Amino acid sequence: MTESLTKHERNLSAIIHASTFSRFMIPFGNFFIPLVLWLANRKDYEFVDYNGKQVLNFQISLLLYSIVLGMISVPFFLGILPNVLEGGILNLRDFNEFNNIRFHWDSDWLSLGRLLWPIGITGLLQLSLFIINIVYSILGTIRTNEGEAFRYPITIKFIK
């Protein structure tokens, strides 16, 4: 496949893969810059069209996985809040005496240690998604620059 591809196609595909790192400088740059490059060149080059779809599907999939992990961890975080607010760091018990306002959560059944495990696990999964994104974006950049067709793992095909 390397022989039939021009240097321009390979470089453009590698730039699309590498442009996902623009998210560190531009919010949502990992979506917008590859999208613009892909849309501008998808009709001219089949290899660029394939790689643009791969990059966008991978980035959208990781965003979806990240949102799901965040939604899983929110209830556990909110379960910890009563322990933090009442007698914890913010100590709302002192605030209860002020202007006869009563704040009270009945959270005796909650165990702080039991709630930290799911937050820790989802945090590690978020970290692993971040590392997977960096590693496979680099691999995609290198492989497409060499003219190989690269597929990302754990990708849902949103764009076909």
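Just so we're aligned, residue 17 is where the sequence shown starts under this note's numbering, counting upward by one.
Even for Gly, the Cβ is constructed at its ideal location relative to N, Cα and C.
This structure is a prediction, so every number in the text was calculated from the model and none was measured.
Per DSSP, what kind of secondary structure is GLU162 in: helix, strand or coil?
Three-state result, GLU162: coil.
For ILE175, which residues in the same chain have their Cβ closer than 7 Å to its Cβ, ignoring the five residues on either side in sequence?
Only residues of its own chain outside the window of five on either side were considered, and among them LYS69, LEU72, ASN73 have a CB closer than 7 Å to the CB of ILE175, listed in chain order.
Within its chain, find whatever has a CB closer than 7 Å to the CB of SER35; leave out the 5 residues flanking it on each side and keep chain order.
Closer than 7 Å at Cβ, skipping near neighbours: ILE49, PRO50, LEU53.
Determine, using beta carbons only, whether THR138 and ILE88 come nearer to each other than 8 Å.
Yes.
Local Cβ density within 10 Å of GLU62, reported as buried at 16 or more and exposed below that
Residue environment analysis places GLU62 among the exposed positions, since fewer than 16 neighbouring C-beta atoms fall within 10 angstroms of its C-beta.
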